[in-house]
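Report on one structure; see the data block that follows.
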Amino acid sequence: MKNLKLAARDKTQRTVIDVDGIKIGQDLVVIAGPCSVETETQTIETAKAVKAAGANMMRGGAFKPRTSPYSFQGLGLSGLRILEKAKKETGLPIVTEVIDPRDVSWVAEFADVLQIGTRNMQNFALLKEVGRAGKPALLKRGMYSTLEEWLNCAEYILSEGNAGVILCERGIRTFERYTRNTLDLSAVPAIHELTHLPIVVDPTHSTGRISLIPTMSIAAVAAGADGLIIEVHNNPKEALCDADQALTPPMFADLMNQIRPLHQFMTTLPNNNLEPSKGE
Ligand code: PEP
Ligand code: MN
Numbered sequence: 004m005k006n007l008k009l010a011a012r013d014k015t016q017r018t019v020i021d022v023d024g025i026k027i028g029q030d031l032v033v034i035a036g037p038c039s040v041e042t043e044t045q046t047i048e049t050a051k052a053v054k055a056a057g058a059n060m061m062r063g064g065a066f067k068p069r070t071s072p073y074s075f076q077g078l079g080l081s082g083l084r085i086l087e088k089a090k091k092e093t094g095l096p097i098v099t100e101v102i103d104p105r106d107v108s109w110v111a112e113f114a115d116v117l118q119i120g121t122r123n124m125q126n127f128a129l130l131k132e133v134g135r136a137g138k139p140a141l142l143k144r145g146m147y148s149t150l151e152e153w154l155n156c157a158e159y160i161l162s163e164g165n166a167g168v169i170l171c172e173r174g175i176r177t178f179e180r181y182t183r184n185t186l187d188l189s190a191v192p193a194i195h196e197l198t199h200l201p202i203v204v205d206p207t208h209s210t211g212r213i214s215l216i217p218t219m220s221i222a223a224v225a226a227g228a229d230g231l232i233i234e235v236h237n238n239p240k241e242a243l244c245d246a247d248q249a250l251t252p253p254m255f256a257d258l259m260n261q262i263r264p265l266h267q268f269m270t271t272l273p274n275n276n277l278e279p280s281k282g283e
């Protein structure tokens with residue numbers, strides 16, 4: 004991948020991105036929350052529940068890139084204000100999506116991490132703007148994209164001076180229809196071979212099935228993911244977006260009880276894949 008001047012794995016150290024003391028690329032970082040911000044009660048209740056279960060950061064979309072223009076598009080600025088309140092209540096830093104380059108500078112005032120969604124991975128104007136935003140970016144893999152295309156998009160952000168790029172594997176489109184997408188877990192060790200940037204896994208959008216989320220979360224941690232981003236809703240049946248794939252708070256708490264000891268165990272393995280091997 005010869006065009007990667009900044010993203011390529013030519014450093015012995017992996018990049019660690021510090022968000023309010025949370026070290027992405029070093030500790031296992033769990034980001035959880037609803038697909039979209041719907042109401043203050045829904046967002047704050049969910050934020051408190053994921054915090055109580057041990058999440059490190061909170062997610063929630065105020066701008067939703069929907070397949071249909073007639074579906075709920077998100078609350079915009081009022082959604083960001085609700086996220087701000089949720090952060091005040093819980094202390095959890097906010098990961099939220101930005102979909103329009105014109106919105107980046109003001110969304111960055113609310114976001115601790117700016118999410119770029121799968122449908123916008125190659126929106127180069129957006130990538131450049133996020134590169135200048137002064138906040139870390141969570142760059143989701145395009146659902147039709149190769150690792151090389153994805154890393155070139157990371158390069159767009161890095162080359163504007165933003166060193167805080169977190170990659171997110173969220174599944175790719177294949178012929179399989181049982182799952183919403185196909186989670187490419189081999190991307191996790193492959194990304195660690197190719198770049199020093201951290202990678203988190205989204206077991207929610209990749210599977211689209213609640214029943215598969217715990218197993219694939221465990222598998223992602225075992226594969227060496229630096230974190231997970233998981234949709235949780237205080238009342239999934241009422242969710243305005245992605246209702247079929249949101250965990251309830253108790254389901255999320257059960258999952259956290261499995262993945263923390265697993266990650267702890269992995270740090271004890273010789274030559275575990277959490278650390279780069281020596282001499283590279
Ligand atoms: C999301 O995380 O809210 C989202 C829309 O995901 P994706 O871009 O991966 O579809
Ligand atoms: Mn969603």
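First residue of the sequence shown: 4, per our numbering; consecutive thereafter. Where a beta carbon is used, it is the ideal one built from N, C-alpha and C, also for glycine. As the structure is a computational prediction, the values presented were derived from the model and not from experiment.
Given residue i, which residues of its chain have a CB within under 8 Å of its CB, disregarding the five upstream and five downstream residues?
i      : result
Gly120 : Pro68, Glu100, Ile102 and Lys143
Val203 : Ile27, Val32, Ile34, Leu141, Ile169, Leu170, Cys171, Glu172, Ala228, Asp229, Gly230, Leu231 and Ile232
Pro139 : Ile20, Val22, Ile27, Asp115, Val116, Leu117, Asn165, Gly167, Val168 and Ile169
Glu179 : Thr185
Glu43  : Ile85 and Lys88
Ala190 : Arg144, Leu150, Glu172 and Ile202
Gln125 : Gly145, Ser148, Glu152 and Cys156
Ser74  : Lys67 and Cys244
Tell me which same chain residues have a C-beta within less than 7 Å of the C-beta of residue i, skipping the five on either side of it?
i      : result
Glu196 : Arg12
Met4   : Ala11, Glu151, Leu154 and Leu197
Leu277 : At Leu277, the pLDDT of 48 sits below 50, so the modelled position is not reliable; the number obtained from the coordinates is stated separately. Excluding sequence neighbours, Leu277 sits near Gly227, Met269 and Thr270.
Asp245 : Cys38 and Glu234
Ile97  : Met61, Leu86, Lys90, Phe113, Ala114 and Asp115
Gly79  : Ala65 and Phe66
Pro104 : Ala128, Leu129 and Glu132
His266 : Leu31 and Val224
Lys281 : Only weak support is given to the placement of Lys281: the predicted model assigns it a pLDDT of 44, under 50, and the value that follows is read from those uncertain coordinates. There are no such residues.
Using a Cβ-Cβ cutoff of less than 6 Å, which residues in the same chain neighbour residue i once the five nearest sequence positions on both sides are dropped?
i      : result
Ala52  : Pro252
Asn237 : Gln45, Glu48 and Thr49
Pro201 : Ile27, Gly28, Ile169 and Asp229
Gly134 : Ile160, Glu163 and Asn165
Met259 : Ala56 and Gly57
Thr18  : Gly28, His199 and Leu200
Nearer than 7 Å: is that true of the beta carbon of residue i relative to any heavy atom of the ligand ZN?
i      : result
Glu234 : The ligand content of the structure shown is limited to the ligand PEP and the ligand MN, which means the ligand ZN is not among them.
As a quick exercise: from the options, pick the residue whose alpha carbon is nearest that of residue i.
i      : options                          : result
Thr284 : Ile169, Gly164 and Thr210        : Because the chain spans 4 through 283 in this model, residue 284 falls outside it and cannot be assessed.
Ile34  : Pro206, Asn238 and Ser214        : Pro206
His208 : Phe178, Gly174, Ala193 and Met4  : Gly174
Thr46  : Asp30, Ala10 and Gly63           : Gly63
Pro239 : Lys90, Val40 and Leu83           : Val40
Pro217 : Tyr73, Leu130 and Leu250         : Leu250
Glu132 : Leu117, Met146 and Arg122        : Leu117
Lys8   : Met219, Thr70, His199 and Arg212 : His199
Lys91  : Phe113, Thr270 and Pro37         : Phe113
Asp247 : Pro37, Glu163 and Leu186         : Pro37
Ala89  : Gln261, Met146, Lys54 and Arg105 : Lys54
Gly82  : Asn6, Phe178, Val110 and Ser71   : Val110
Thr177 : Val191, Ser148 and Ile194        : Ser148
Gly77  : Gln16, Asn260 and Ala242         : Ala242
Ile262 : Met219, Asp106 and Thr70         : Met219
Asp187 : Thr70, Val107, Pro264 and Met146 : Met146
Ser108 : Gly24, Gly94, Ala136 and Asn123  : Ala136
Asn123 : Leu215, Thr93 and Thr70          : Thr70
Grab the span of the alpha helix (DSSP H) containing residue i for me, first residue to last.
i      : result
Thr49  : Glu43 to Ala56
Ile202 : Where Ile202 is concerned, there is no enclosing alpha helix (DSSP H), although the beta strand (DSSP E) it sits in stretches over Ile202 to Val204.
Ala89  : Leu80 to Thr93
Ile262 : Pro252 to Met269
Glu132 : Phe127 to Gly134
Val32  : From DSSP, Val32 is part of no alpha helix (DSSP H) but of the beta strand (DSSP E) over Val32 to Gly36.
Val107 : Val107 to Val110
Kindly indicate the opening and closing residues of the beta strand (DSSP E) around residue i.
i      : result
Arg183 : Premise fails: Arg183 is in no beta strand (DSSP E) and is neither H nor E.
Gly22  : The identity of residue 22 in the sequence shown is Val, whereas the question assumes Gly. It spans Ile20 to Val22 - the beta strand (DSSP E) in which Val22 sits, taken as one unbroken run.
Ile102 : Note, Ile102: premise wrong, no beta strand (DSSP E); not H, not E.
Met61  : Met60 to Arg62
Val116 : Val116 to Ile119
Lys5   : Note, Lys5: premise wrong, no beta strand (DSSP E); not H, not E.
Lys26  : Ile25 to Ile27
Does any CB atom of chain B fall closer than 8 Å to the CB of residue i?
i     : result
Glu43 : In the displayed structure, chain B is absent; only one protein chain is listed.
Cβ contact (3+ pairs, closer than 8 Å) linking the region 157 to 164 and the region 220 to 227: no
Cβ pair count under 8 Å reaching 3, the region 45 to 64 against the region 243 to 262: yes
Ranges of the beta strand (DSSP E) found wholly within the region 137 to 198, counting only runs of at least 3: 140 to 143 and 168 to 172
Every unbroken alpha helix (DSSP H) within the region 201 to 239, with a cutoff of 4 residues, ordered by chain: 206 to 210 and 216 to 225
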